[in-house]
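Contents: one structure, followed by commentary.
Protein chains in written order, with the working numbering: chain A, 8 to 147; chain B, 20 to 521.
Spelled out as structure tokens, the structure:
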């Protein structure tokens, strides 16, 4: 399968669209169905497709274990960090309206986009990690 | 900015932020992970103590996450009962971390340390979250966080059977979680709400509804599995036996207690007490299984040759006391039950640590290999004896206090056979702990050929001090019991709200 020319070509065509769709779902999370979780899974699926087409070792080189561990943590830290920032600005935990963006409405929008981004990053890296962990087992 | 107002959210989220930070710190230096973990739990513990002080003087706290009002938003609600349980969980987790440092270094491979501490914090976060929340679905989410991190913690052990024990727990635990979420789904279907206070109001007109009854049965089933009550306890002995000692101690002391807390909360604050003693004798059924658990747990414990298995079966028996207390529905019994959450956490946590230290030194978990420990590890053996006496329920120990209130409760609600069960179980407990103490002090020392006693074994100061401290607390609260008993009585009062049923 690794050197299958059809698979490689199709993957090469598909990946940009999948990534674009992931960003679309990510960006629309706070006003329509979608959001960080779905976007993260779609994003990771593009990466898994690359790994299937070119081989997991090559794919892992592009997204090393240390980096994916870091982004896993980063996503969660963005989410909780926004919660702490709202407390710093005098609100309750995750009260986006209190964020310093002028109005409560803007704060709500941007705060929600922020946490969705955190969720997206965390989910995408966890999905990729799970895939590589399971794929690794058959070698040992 | 008023930080103290945000403590209910921060006591969960501050340790939570350490969960991703600890592995990152581990990339720099593995040694600092432990310090970060201690810092996280200490911060949480400090906030919990502040809240406990506030709740006991000013009454329940309600915290609205994101400032969304309760039936729609998620509410964290803390009254005396959860404040008390939170304090116990947090205290025991902190002691486990302090005490467990050297044991973890010995029992968990070094490259796993950052992940271990990170998951350990997540485990504590899950339990505190489950206790602090006033939202039923939140309870389920935190239950899953606790369980999943629990499975991972068990599997970190170097023992060969550990992954299998973890997997068995995973299958049974997932089954339990499925029961619970199905029950919550049914409740949501007929009431349209997940907030516990709101749910309690909306359930009242549905008295006698078979959907509510089904939901109750499903949730009860799930929680009883999580609590490891007798016929549903099969995951527990392996899970405690094959996990690292620090994990067995923390899990035995806290995780089944949180299940007990959720059960008490649901029985008294969500489902109407009149309702479930009316058409279906739910309390009667619970009392039956609690008694069965108390007796059978102790009987099976007597038959064990592996010390950790013995302690695990003892836990099955002890959790029965808390269940029994809840089902007797009166203030004294519930005071005893809440008190037992505290005292059993101290005793069983302490026992698992003591045993962890002995097992590390002699390299065997067989009770018969404990011969001569009384001379070779004097402090450890003394601590083991104190914890055992406490679990048996000898006066002047904390275990006596909780059993005393349980018996008082059983007398005032007329459950005479429950008194018999409690006394019988104390006798059985004395048998299996007596056996170990006998082996430790009166066997060995000299080998069969009359040679000199074996050399002393190491008892590092870092472990003796927390051990002595917990043993001291066991006796201190056994003599000066007023402080914890008053808190427990307030907790029982808060949750019963004057309801007493005979």
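Just so it is clear, CB atoms sit at the ideal spot from N, CA and C, and this is done for glycine as well.
Could you tell me how far apart the beta carbons of residue i and residue j are, in whole angstroms, since I believe they sit closer than 8 angstroms?
i                      : j                      : result
residue 380 of chain B : residue 477 of chain B : 7 angstroms
residue 405 of chain B : residue 493 of chain B : 6 angstroms
residue 258 of chain B : residue 136 of chain B : With 8 angstroms as the limit, residue 258 of chain B and residue 136 of chain B do not qualify as a contact, their Cβ atoms being about 20 angstroms apart.
residue 151 of chain B : residue 31 of chain B  : 6 angstroms
residue 371 of chain B : residue 330 of chain B : 6 angstroms
residue 50 of chain A  : residue 66 of chain A  : Not confirmed; about 14 angstroms, so no contact.
residue 261 of chain B : residue 181 of chain B : 4 angstroms
residue 389 of chain B : residue 455 of chain B : 7 angstroms
residue 105 of chain B : residue 67 of chain B  : 5 angstroms
residue 70 of chain A  : residue 135 of chain A : 6 angstroms
residue 263 of chain B : residue 122 of chain B : 7 angstroms
residue 106 of chain A : residue 97 of chain A  : Wrong, their Cβ atoms sit about 11 angstroms apart, outside the cutoff.
Within the continuous beta strand (DSSP E) that includes residue i, where are the two ends?
i                     : result
residue 94 of chain B : 94–97
Counting C-beta neighbours from all protein chains within 10 Å, is the total for residue i 16 or more, i.e. buried, or is it exposed?
i                      : result
residue 433 of chain B : exposed
residue 422 of chain B : buried
residue 76 of chain A  : buried
residue 518 of chain B : Any reading at residue 518 of chain B must be qualified, since the residue scores a pLDDT of 48, below 50, and its modelled position is unreliable; no value is offered.
residue 126 of chain B : buried
residue 73 of chain A  : exposed
residue 435 of chain B : exposed
residue 188 of chain B : buried
residue 52 of chain B  : buried
residue 79 of chain A  : buried
residue 309 of chain B : buried
residue 315 of chain B : buried
residue 23 of chain A  : exposed
residue 520 of chain B : Unreliable placement is indicated for residue 520 of chain B, whose pLDDT of 42 sits below 50; the coordinate value is still reported in the next sentence. Exposed.
residue 336 of chain B : buried
residue 101 of chain B : buried
residue 503 of chain B : buried
residue 165 of chain B : buried
residue 267 of chain B : buried
residue 354 of chain B : buried
residue 385 of chain B : exposed
In the DSSP assignment, find the alpha helix (DSSP H) that holds residue i and state where it starts and stops.
i                      : result
residue 82 of chain B  : Looking at the DSSP string, residue 82 of chain B is not in any alpha helix (DSSP H); the run it does join, the beta strand (DSSP E), is 80–83.
residue 182 of chain B : 181–210
residue 399 of chain B : 397–411
residue 213 of chain B : Segment: none, residue 213 of chain B is in no alpha helix (DSSP H) and carries neither H nor E.
residue 246 of chain B : 229–246
residue 69 of chain A  : 63–69
residue 435 of chain B : 435–461
residue 259 of chain B : 254–261
residue 475 of chain B : Premise fails: residue 475 of chain B is in no alpha helix (DSSP H) and is neither H nor E.
residue 45 of chain B  : 26–47
residue 423 of chain B : 417–431
residue 24 of chain A  : 12–34
residue 92 of chain A  : 72–95
residue 53 of chain B  : 51–77
residue 509 of chain B : 501–515
residue 41 of chain A  : Note, residue 41 of chain A: premise wrong, no alpha helix (DSSP H); not H, not E.
residue 282 of chain B : 275–284
residue 268 of chain B : 264–269
By DSSP's criteria, residue i is part of a beta bridge. Which residues make up the other side?
i                      : result
residue 152 of chain B : B/95
residue 385 of chain B : B/325
Are the segment 42–50 of chain B and the segment 87–96 of chain A in contact at 8 angstroms, needing three or more beta carbon pairs?
-> They do not touch, by the three-pair rule.
Touch test, the segment 415–429 of chain B against the segment 338–348 of chain B, Cβ-Cβ under 8 angstroms, three pairs minimum | yes
Given 8 angstroms, three or more beta-carbon pairs between the segment 78–87 of chain B and the segment 124–135 of chain B | no
Do three or more CB pairs link the segment 140–157 of chain B to the segment 219–229 of chain B at distances below 8 angstroms?
-> no
Are the segment 205–215 of chain B and the segment 152–169 of chain B in contact at 8 angstroms, needing three or more beta carbon pairs?
-> Enough Cβ pairs lie closer than 8 angstroms, so yes.
At least 3 beta-carbon pairs within less than 8 angstroms: the segment 353–368 of chain B vs the segment 272–283 of chain B = yes
Three-pair Cβ contact test at 8 angstroms for the segment 112–120 of chain B versus the segment 55–72 of chain B | yes
Touch check for the segment 308–322 of chain B and the segment 442–458 of chain B: three-plus C-beta pairs under 8 angstroms?
-> Per the Cβ contact rule, the segment 308–322 of chain B is in contact with the segment 442–458 of chain B (3 or more Cβ pairs under 8 angstroms).
Any 3 or more C-beta pairs closer than 8 angstroms across the segment 502–516 of chain B and the segment 352–361 of chain B = yes
Does the segment 395–412 of chain B come close enough to the segment 299–315 of chain B that 3 or more CB-CB pairs lie under 8 angstroms?
-> The segment 299–315 of chain B vs the segment 395–412 of chain B: no contact.
Could you say if the segment 186–204 of chain B and the segment 227–239 of chain B meet the contact criterion of at least three C-beta pairs nearer than 8 angstroms?
-> Cβ pair count under 8 angstroms is three or more, so yes.
Please determine if the segment 23–42 of chain B and the segment 117–127 of chain A are in contact, where contact requires at least 3 C-beta pairs separated by less than 8 angstroms.
-> no
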